[in-house]
Structures are given as structure tokens and as C-alpha cells.
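> Questions regarding the structure given below will be posed in turn.
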Amino acid sequence: MLHIDIHSFSYKKGGIPKDTTGNGGGFTFDCRGILNPGRIEEYKIQTGNDIGVQEFLETKTDMPKFLDLIKSLISINIDNYLERGFENLQINFGCTGGQHRSVYSAIKIAHFIEEKYGDKVEISLHHDEQHQLNS
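In the working numbering, each residue's number is its place in the sequence shown (first place is 1) plus 3.
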């Protein structure tokens, strides 16, 4: 079974999460090129798990295109890792504070992987700066 460890993180606070499996990492995607909803007053205290932030990212930014490209890219590796019997893959999403864009991206990619690969993979989702959202 392939275990996929997904993290949202802050470049300013903790930095890129360490890979504890000994594989030396995986994918790290920089979400800072997407317009930051945290700069808008009504979204400042929200996270990427909140509907308002999600709607903003989906309708007012290039986030949908960004995630579509990531889905294509990670699928190549997941398919290959499953064929070859690999056990671990890490996927990280970073933004300035680890609150809006990275949280949203991690959640959406986790859902995509669950839908596409089902019981062929086991997913752990970690929000390094938003501990209340960890699953």
C-alpha cells in the first residue's frame, strides 16, 4: 500500500516539512504565486477550509489551473509508485502563513487522490500551522 503524506505549511514559520520516511522528500508546491485571500479583511481569520476562502480561490485566482497541473503531475508518480510497489510519497503545499492557499491546496489534492485511487493508497493530511484542521 502506498502511504501519501500531505502537508500544508508556512515558508515563514516552519519551512518545508521534513520527510521522516527516509526517502528524501517528494513534491513541494509553492502556492505564493496565487493571490492571497489573507490580504482581504473578511478572510484574514479564516483558513483554506472555510467556504468563503474556497470560493475566492476558485473564482478570483488561478488556483483551479494550478491544481489541475498538480493533479496531472502527481498522478504520473502515484501511478508509477503503485506499479513499482513503493510505500511512501510526500506532497507539500507552502504559502506565506500556512493558513489559506496551502491549506486549501492540501485538502483539495487529498480529495482528488482519494477519489482517483481509493483503497490503493492511504492518505495522511497534516496542516502544520493549523493544527485544529489535522485529520
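Note that CB positions come from ideal geometry on N, CA and C, so glycine has one too. Since the structure is predicted, the reported quantities are computational estimates derived from the model, not experimental observations.
1. Would you identify the three-state DSSP class for residue 18, choosing helix, strand or coil?
2. Using the three-state DSSP reduction, which class does residue 90 fall into: helix, strand or coil?
3. From residue 28 to residue 103, what does the alpha carbon distance come to, in whole angstroms?
4. Per DSSP, which one or two residues make a beta bridge with residue 98?
5. Grab me the residues of residue 45's own chain with a C-beta within less than 8 Å of its C-beta, minus the 5 sequence neighbours each way, in chain order.
6. I'd like to check one pair, residue 113 with residue 11: are the Cβ atoms closer than 8 Å?
7. Between which two residues does the alpha helix (DSSP H) containing residue 62 stretch?
8. Could you tell me the alpha carbon to alpha carbon distance between residue 42 and residue 48, rounded to whole angstroms?
9. Quick one: what's residue 31 bridged to in DSSP?
10. Using a Cβ-Cβ cutoff of less than 6 Å, which residues in the same chain neighbour residue 127 once the five nearest sequence positions on both sides are dropped?
11. Pull up the distance between the alpha-carbon of residue 62 and that of residue 130, whole angstroms please.
12. Using the three-state DSSP reduction, which class does residue 38 fall into: helix, strand or coil?
13. Which same chain residues, not among the five before or five after residue 100, have their C-beta less than 8 Å away from its C-beta?
By the coordinates alone:
1. Translated into positions along the sequence shown, residue 18 becomes position 15. Residue 18 falls in the coil class under three-state DSSP.
2. For this step, residue 90 is matched to residue 87 along the sequence shown. Three-state result, residue 90: coil.
3. Counted from its first residue, the sequence shown places residue 28 at position 25. Counted from its first residue, the sequence shown places residue 103 at position 100. About 23 Å.
4. For this step, residue 98 is matched to residue 95 along the sequence shown. BP columns for residue 98 point to 13.
5. Taking the first residue of the sequence shown as 1, we reach residue 45 at position 42. Cβ within range, chain order: 55.
6. On the sequence shown, position 8 is the one that residue 11 refers to. On the sequence shown, position 110 is the one that residue 113 refers to. No. Outside cutoff.
7. For this step, residue 62 is matched to residue 59 along the sequence shown. Note, residue 62: alpha helix (DSSP H), 54 to 63.
8. The count along the sequence shown starts at 1 and reaches residue 42 at position 39. The count along the sequence shown starts at 1 and reaches residue 48 at position 45. Cα to Cα, the separation comes out at about 10 Å.
9. Position 28 of the sequence shown, counted from the first residue, corresponds to residue 31. Looking at the DSSP assignment, residue 31 forms a beta bridge with 95.
10. Counting from one through the sequence shown, the residue named residue 127 turns up at place 124. Closer than 6 Å at the Cβ level, and outside the excluded window around residue 127, lie 8.
11. Taking the sequence shown and counting its residues from 1, one reaches residue 62 at position 59. Taking the sequence shown and counting its residues from 1, one reaches residue 130 at position 127. Distance between the alpha carbons of residue 62 and residue 130 is about 23 Å.
12. By 1-based counting over the sequence shown, the position of residue 38 is 35. Reduced to three states, the DSSP call for residue 38 is coil.
13. Within the sequence shown, the letter at position 97 stands for residue 100. For residue 100, where only same-chain residues beyond five positions count, the Cβ hits under 8 Å are 13, 15, 16, 41, 132.
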